[in-house]
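Read the structure below first, then the notes.
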Amino acid sequence: MSYSFDWSSIPGALPYLWHGARITLEITALAILVGIVWGTVLAVMRLSGHALLAAFAALYVNLFRSVPLLMVILWFFLIVPAALRALFGEGMPDIRLTSAFVAFSLFEAAYYAEIMRAGIQSVPKGQLSSALALGLTRGQAMRLVVLPQAFRNMTPLLLTQAIILFQDTSLVYVIGLADFFGAAYKVGDRDGRIVELLMFAGAAYFVVCFAASLAVRRLHSRVASP
Amino acid sequence: MISIRNVSKWYGSFRVLTGCSTEVRKGEVVVVCGPSGSGKSTLIKCVNALEPFQEGEILVDGVSVGDTKTDLPKLRARVGMVFQHFELFPHMTVAQNLTLAQVKVLGRSPQAALEKGVKLLERVGLLAHRDKYPGQLSGGQQQRVAIARALSMDPIAMLFDEPTSALDPEMINEVLDVMVELAEEGMTMMVVTHEMGFARKVADRVIFMDGGTIVEDAHKDAFFAAPQSDRARLFLSKILHH
Ligand SMILES: Nc1ncnc2c1ncn2[C@@H]1O[C@H](COP(=O)(O)OP(=O)(O)O)[C@@H](O)[C@H]1O
Ligand SMILES: [Mg+2]
Numbered sequence: 002m003s004y005s006f007d008w009s010s011i012p013g014a015l016p017y018l019w020h021g022a023r024i025t026l027e028i029t030a031l032a033i034l035v036g037i038v039w040g041t042v043l044a045v046m047r048l049s050g051h052a053l054l055a056a057f058a059a060l061y062v063n064l065f066r067s068v069p070l071l072m073v074i075l076w077f078f079l080i081v082p083a084a085l086r087a088l089f090g091e092g093m094p095d096i097r098l099t100s101a102f103v104a105f106s107l108f109e110a111a112y113y114a115e116i117m118r119a120g121i122q123s124v125p126k127g128q129l130s131s132a133l134a135l136g137l138t139r140g141q142a143m144r145l146v147v148l149p150q151a152f153r154n155m156t157p158l159l160l161t162q163a164i165i166l167f168q169d170t171s172l173v174y175v176i177g178l179a180d181f182f183g184a185a186y187k188v189g190d191r192d193g194r195i196v197e198l199l200m201f202a203g204a205a206y207f208v209v210c211f212a213a214s215l216a217v218r219r220l221h222s223r224v225a226s227p
Numbered sequence: 650m651i652s653i654r655n656v657s658k659w660y661g662s663f664r665v666l667t668g669c670s671t672e673v674r675k676g677e678v679v680v681v682c683g684p685s686g687s688g689k690s691t692l693i694k695c696v697n698a699l700e701p702f703q704e705g706e707i708l709v710d711g712v713s714v715g716d717t718k719t720d721l722p723k724l725r726a727r728v729g730m731v732f733q734h735f736e737l738f739p740h741m742t743v744a745q746n747l748t749l750a751q752v753k754v755l756g757r758s759p760q761a762a763l764e765k766g767v768k769l770l771e772r773v774g775l776l777a778h779r780d781k782y783p784g785q786l787s788g789g790q791q792q793r794v795a796i797a798r799a800l801s802m803d804p805i806a807m808l809f810d811e812p813t814s815a816l817d818p819e820m821i822n823e824v825l826d827v828m829v830e831l832a833e834e835g836m837t838m839m840v841v842t843h844e845m846g847f848a849r850k851v852a853d854r855v856i857f858m859d860g861g862t863i864v865e866d867a868h869k870d871a872f873f874a875a876p877q878s879d880r881a882r883l884f885l886s887k888i889l890h891h
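Residue numbers (the working numbering), protein chains in the order written: chain A, 2 to 227; chain B, 650 to 891.
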């Protein structure tokens, strides 16, 4: 018995799938933005030489890196609503998206922190010295001289992490959020065409990630050679 | 201008500097030499507090460097420093390298800073390179930009840490020429270098360091005519005949 493919349910479902894709992209974009900013703050804290700040950052990073993302998503789904309810009372809008934003941002920050830490350490020590020697404060030297170079050196790794993040967003299915993957699954389930829909979704993820990693590789060779 | 009084410094239990004392008066050029690892870089970095020290006192224009109440960025802005490996900011153009601290530290307007930067670039003969990145310049050119960058802050004194050691031989003179000119204009300078030609030409005094101590601190003529210590004599004969 051979399976006969039927792709007919896809065209009609495109608006719904696009809505899911937008959720995927929103979570990815926000988690990249917040993750890099907060991760950079954590990396700077960790290298600050301030015992308390460094210990906090180390604990944060190690904690988030030792628990599965799936658990973090579920965890924030259970915590964020309670927190928001305490703030705004009953009758809040859809909480799943917000809790996913928070979970991904905080989780990704731990990974970005490690990348940025390596990035900061890749900048020769003399750069900080010469910035300080010109009279810049430590904060200015970091912001204007060290971090821009750290970013540039780490751009390929930051983007690679972003690609992983993009794929990981599909995990929001555990809280019933219809991201691109979730939407495809729902459509397939509804029409009894799960195989087709998952193949379609898989192809879409592949195209995006493959194109992005090609771009990263080209960038990498640009960064590597002066 | 720079008073170093009985300064000692440790890295953990390792003593890098032992009771170093010297004085650089206004307009004076003092050359610091000595074997590798003798503490020259460490001493010069103590002057603008890039390295902390545990004992003694350093005064720059009357301001105590080691005092916890001293505004270090403000003090450092008044003392120019030139490094062995140039340390230009590679993500900025030459012009941006020259204006950054003027704007951020001295609060000059971008236009005023650029005007000043252009003047200094002209002076070191690199105006044509103002929009290039440091990576596009030769070592000698980068070091001249670094000197111009330090001068853009109108420093009261300049510190040099082996400014020509990382350069190809044919580029050493273009940097030394700029430094000689600076010395002749009366800049107060403390220069770690093994370029004894430079020392003979413009130094007022020569300091010889070994093992973290100042072994000799003499007028240039006295130093070159007859170093007092065996170690300085040996060092001189080595670097003059290699
Ligand atoms: N960050 C550091 N930690 C420990 N030891 C250091 C450090 N920096 C320099 N030293 C040691 O201090 C001594 C003096 O170094 P330095 O001032 O760089 O010498 P010089 O500039 O005369 O070659 C050397 O023995 C060096 O190994
Ligand atoms: Mg040195």
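No residue lacks a Cβ here, since even glycine has one placed at the ideal position from N, Cα and C.
Query, Result
"Simplified DSSP assignment, three categories, for Ile693 of chain B", "helix"
"Interface positions of the stretch 695-708 of chain B facing chain A (Cβ-Cβ less than 7 angstroms), listed along the chain", "Asn697, Leu699"
"Span of the beta strand (DSSP E) around Met807 of chain B", "806-810"
"Trp666 of chain B - DSSP class collapsed to helix/strand/coil", "Rather than Trp, the amino acid found at residue 666 of chain B in this sequence is Leu. Looking at Leu666 of chain B - three-state DSSP - the assignment turns out to be strand."
"Exposed unless 16 or more other CB atoms sit within 10 angstroms - verdict on Lys187 of chain A", "buried"
"Members of the stretch 849-878 of chain B that neighbour chain A once the beta carbon cut-off is set at 9 angstroms", "none"
"Any C-beta of chain A under 8 angstroms from that of Pro739 of chain B", "yes"
"Residues near Lys896 of chain B in its chain [Cβ-Cβ closer than 6 angstroms; skip 5 each side]", "The question about residue 896 of chain B has no answer, for chain B in this structure spans 650 to 891."
"Contact list for the stretch 129-142 of chain A against chain B, Cβ threshold 7 angstroms", "Ser130, Ser131, Leu133, Ala134, Leu135, Gly136, Leu137, Thr138, Gln141"
"Segments of 3+ residues assigned as beta strand (DSSP E) that fall wholly inside the stretch 833-867 of chain B", "838-841, 854-859"
"The stretch 160-171 of chain A contacting the stretch 106-115 of chain A, beta-carbon criterion three pairs below 8 angstroms", "yes"
"Validate contact between the stretch 841-860 of chain B and the stretch 671-687 of chain B using beta carbons, cut 8 angstroms, 3 pairs", "yes"
"Classification of Gln898 of chain B by the beta-carbon crowding that lies within 10 angstroms, buried from 16 upward", "No answer is possible for residue 898 of chain B: it lies beyond the span of chain B, which begins at 650 and ends at 891."
"Rounded straight-line distance, which links the Cα of Arg23 of chain A to that of Phe181 of chain A", "7 angstroms"
"Closer than 5 angstroms to ligand 1: residues, by C-beta to nearest heavy atom, in chain order", "B:Tyr660, B:Val665, B:Ser685, B:Gly686, B:Ser687, B:Gly688, B:Lys689, B:Ser690, B:Thr691"
"is_contact[Gly127 of chain A, chain B] using C-beta, thresh 8 angstroms", "yes"
"Uninterrupted alpha helix (DSSP H) stretches inside the stretch 733-793 of chain B (no shorter than 4 residues)", "743-753, 759-772"
"Sub-8 angstroms separation of Leu816 of chain B and Gly788 of chain B beta-carbons", "yes"
"Beta-carbon gap between Ile796 of chain B and Val731 of chain B smaller than 8 angstroms", "yes"
"Nearest-angstrom beta carbon gap, Thr742 of chain B and Lys781 of chain B [assumed within contact, 8 angstroms]", "7 angstroms"
"Contact under 8 angstroms by Cβ, Ala726 of chain B with Leu755 of chain B", "yes"
"Expected contact under 8 angstroms - CB spacing of Gln733 of chain B and Ser670 of chain B to nearest Å", "Contact flag wrong, Cβ pair sits at about 25 angstroms."
"DSSP-derived helix/strand/coil call for Leu133 of chain A", "helix"
"Asp716 of chain B: CB within 7 angstroms of a non-hydrogen atom of ligand 2", "no"
"Any non-hydrogen atom of ligand 2 closer than 7 angstroms to Asp810 of chain B Cβ", "yes"
"Test: Met802 of chain B CB closer than 8 angstroms to a CB of chain A", "yes"
"When B:Lys723, B:Arg779, B:Pro739 are compared against Asp803 of chain B, the one with the closest alpha-carbon", "B:Lys723"
"Through-space distance from Gly189 of chain A to Val38 of chain A, alpha-carbon basis", "38 angstroms"
"Beta-carbon proximity check, Val679 of chain B vs Arg854 of chain B, cutoff 8 angstroms", "yes"
"Under 7 angstroms (Cβ pairs) to chain B, residues found in the stretch 142-164 of chain A", "Leu145, Val146, Pro149, Gln150, Arg153"
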